[in-house]
Amino acid sequence: MYLKDQKYMAALAGEGSLTRAARRLNLSQPALSKWLLDLEQEIGMPLVIRSRNGLVFTEAGQIYLEGCRECLEAALEIRRELDALSQKSKQSIILGGSPIRGAQAFAKIYSEFRRKYPDIDLQFVSDKNPVLKKMLSEGEITMSLLGAMETSLPNLEYLKFMDEELLVMLPKGHSLSYDYKTLPPNQPYPAMDLANLAGTPILTTASETSYGDMVLTLYRNAGLESNIIFRSNVIPLLYEMVLNGVGAAMIPDSYYNPEDGISVYSLSPRIIVYQGIGLRSGHPLSDAEEYLIHLVMNNWGSPYYMHQYADYYLEQRKLRIDAYEYNKI
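The structure is reproduced here in C-alpha cells:
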C-alpha cells in the first residue's frame, strides 16, 4: 500500500465520484480510473462499484479504505508531532478581543489554560473590532473574539457562540417606562417604533463597534440623529449612563438586569448580533487552540446548544483541513 493509494482512496470516499475525486486530486478522470483498475487487479478483487447514485464500496473496498484512513491519520499525526516538537520552545497563542468583555473573558480562562498547557505562551491583545479583523487576516494574532452582524467575514472563518438581541433601553421615569413584573412570563419584550423616542436624548455606540453604523442608520431613518448626545464603543458605559438617567440606548440584552429598574423594548423586526471567534481561513487548530475556544465559550456563558454547534463546526472544519493536509503529506 502506497501513500498515493491512500490519498486517492480517501478522495474517492469523500467525493463519491471518480470525476469529482479526480478534480480534487488534480488528475484527469481517465488517469484516476486507470489507477483504480490497476489497484483492483493487484488486489485481485473489485473495490468499488459504479452505480447511478455514485460509487459504492464493496466489502473489500471498505476494508481497504479503512486501512487507508488509518495510515493517513497516522502519517498526519506524525507530521503534527514533529512540527510541534520543532516549535515547542517558541509556541504561542495570541487571542484578540475587546478591552472590556474580551479582557474579562481572558482573565477568567488564563489560569485554567496554563494548568493544562504550561509550555504555551498565551497572550492577549485588545483593540477595536476593525483593527482586530485586520490583525487576524494578516496573521498578527492567532484568533480573536469578535462581535458581528453576520457570520461571513472576508478571508476569515467565524465561529458564532452566542446570539444577542439589541434592545432599546430607557431610563427610569421615561414616559414609556413600565414595570417588567407585569410582562407575561417567557414572552418577547414589547416592540416599539423608534420614532416614539422623539425628544429623548440618545446615547449610541461608536462606528467601530460591529453594529455601530447600523444603529446610526436606524436613528437617522427615524429622524433621531439630532437627538444623539453621546457616543462610545464601551457598552458597559452606555448601560451605566442609562441607569443614571442620561438617555436611551440600544444595547445587547446580555447587559440587561430587570432589577435595575430600566425598561427595555425590542425593535420590529428584532435585531440580532453575534458574539464569536474569528479564525484565519484554513488555519489548522492545534489541540491547545481548540481547548482555548471551549474555555472562552464556557466562561462567556454561551448556551449549551451553541456548544454543540461549535463542537460540530470544529469537527467538520478539521475534516476539511485534514483532507487538504493529506494532499501535502
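Reading the sequence shown from the start, the letters are residues -3 to 325 in my numbering.
All residues carry an ideal CB built from backbone N, CA and C; glycine is no exception.
This structure is a prediction, so every number in the text was calculated from the model and none was measured.
Legend entry - Option nearest L288 by Cα separation, candidates L35, R16, I89, G57: Locating residue 288 in the sequence shown gives position 292, where the first residue counts as 1. Considering only alpha carbons, the answer is I89.
Inset, instruction - Using three-state DSSP, classify M188 as helix, strand or coil. - result: Translated into the one-based positions of the sequence shown, residue 188 becomes position 192. Coil.
Legend entry - Any beta strand (DSSP E) of 3 or more consecutive residues that is wholly inside the stretch 131 to 177: 139 to 144, 152 to 166
Legend entry - C-alpha distance - P254 paired with Y185, whole-angstrom precision: As a first step, residue 254 must be located in the sequence shown, where it is residue number 258. As a first step, residue 185 must be located in the sequence shown, where it is residue number 189. Each residue's alpha carbon lies about 12 Å from the other.
Legend entry - Residues sharing a beta bridge with L275, DSSP: Here the question's residue 275 lines up with position 279 in the sequence shown. According to DSSP, which records beta bridges pairwise, L275 is partnered with M139, E153.
Legend entry - the stretch 175 to 194 touching the stretch 94 to 101, judged by at least three CB pairs closer than 8 Å: no
Legend entry - Assigned secondary structure, S29 (DSSP; H/G/I helix, E/B strand, else coil): For this step, residue 29 is matched to residue 33 along the sequence shown. In the structure shown, S29 sits in a helix (DSSP, three-state: H, G or I).
Inset, instruction - Kindly confirm or deny that the stretch 128 to 137 and the stretch 256 to 270 touch, where touching means at least three C-beta pairs closer than 8 Å. - result: no
Legend entry - Where D307 sits in the DSSP three-state scheme: Sequence index remark: in the sequence shown, residue 307 carries index 311 (1-based). Helix, per DSSP.
Inset, instruction - Tell me R46's beta-bridge partners as DSSP assigns them. - result: Walking along the sequence shown from the start, residue 46 turns up at place 50. Answer by DSSP bridge pairing, in chain order: L51.
Legend entry - Entirely enclosed beta strand (DSSP E) segments - the stretch 83 to 108, minimum 3 residues: 88 to 93
Legend entry - Cβ shell of G50 (< 6 Å), same chain only, five flanking positions each side left out: As a first step, residue 50 is located in the sequence shown; it is residue number 54 there, counting from the start. Excluding positions up to five away in sequence, the list reads G12, S13.
Inset, instruction - Report the rounded CA-to-CA distance for Y261 versus E221, giving the unit in angstroms. - result: Stepping through the sequence shown from its first residue, residue 261 is reached at position 265. Stepping through the sequence shown from its first residue, residue 221 is reached at position 225. Taking the straight line from one Cα to the other gives about 19 Å.
Inset, instruction - On the DSSP bridge assignment, give the partners of M246 in chain order. - result: Counting from one through the sequence shown, the residue named residue 246 turns up at place 250. In the DSSP output, where bridge partners are listed per residue, M246 has V164.
Inset, instruction - Along the beta strand (DSSP E) that carries V121, what are the first and last residues, could you check? - result: Here residue 121 corresponds to residue number 125 of the sequence shown, with the count starting at 1. 117 to 122 is the span of the beta strand (DSSP E), which, as asked, contains V121.
Legend entry - The beta strand (DSSP E) enclosing R227, as first and last residue numbers: Your numbering for residue 227 matches position 231 in the sequence shown. Run containing R227: 224 to 228, per the beta strand (DSSP E) assignment.
Inset, instruction - Rounded to whole angstroms, what's the CA-CA distance from N22 to K130? Just pull it up for me. - result: As a working note, residue 22 is residue 26 in the sequence shown. As a working note, residue 130 is residue 134 in the sequence shown. Approximately 33 Å, taken between the alpha carbons.
Inset, instruction - Tell whether a beta-carbon distance below 9 Å holds between G195 and N223. - result: Taking the first residue of the sequence shown as position 1, residue 195 is located at position 199. Taking the first residue of the sequence shown as position 1, residue 223 is located at position 227. Yes, they are a contact pair.
Legend entry - As assigned by DSSP and simplified to three states, the class of T15: Along the sequence shown, read from residue 1 onward, the residue named residue 15 stands at position 19. It is helical.
Inset, instruction - Kindly indicate which three-state DSSP category Y215 falls into: helix, strand or coil? - result: Start at 1 with the first residue of the sequence shown, and residue 215 comes out as number 219. Y215 falls in the helix class under three-state DSSP.
Inset, instruction - Compare the beta carbon distance of S259 and D189 with 9 Å and say whether it is the shorter of the two. - result: Your numbering for residue 259 matches position 263 in the sequence shown. Your numbering for residue 189 matches position 193 in the sequence shown. Going by C-beta atoms, S259 is not nearer than 9 Å to D189.
Inset, instruction - In angstroms with no decimal places, state the Cα-to-Cα distance between R19 and L212. - result: Counting from one through the sequence shown, the residue named residue 19 turns up at place 23. Counting from one through the sequence shown, the residue named residue 212 turns up at place 216. Computed Cα separation, rounded: 47 Å.
Legend entry - Beta-carbon proximity of I225 to V242, cut-off 9 Å: Working through the sequence shown from its first residue, we reach residue 225 at position 229. Working through the sequence shown from its first residue, we reach residue 242 at position 246. Taking 9 Å as the Cβ cut-off, I225 and V242 qualify as a contacting pair.
Legend entry - Range of the contiguous alpha helix (DSSP H) that encloses I231: Translated into the one-based positions of the sequence shown, residue 231 becomes position 235. Counting along the chain, the alpha helix (DSSP H) containing I231 begins and ends at 231 to 239.
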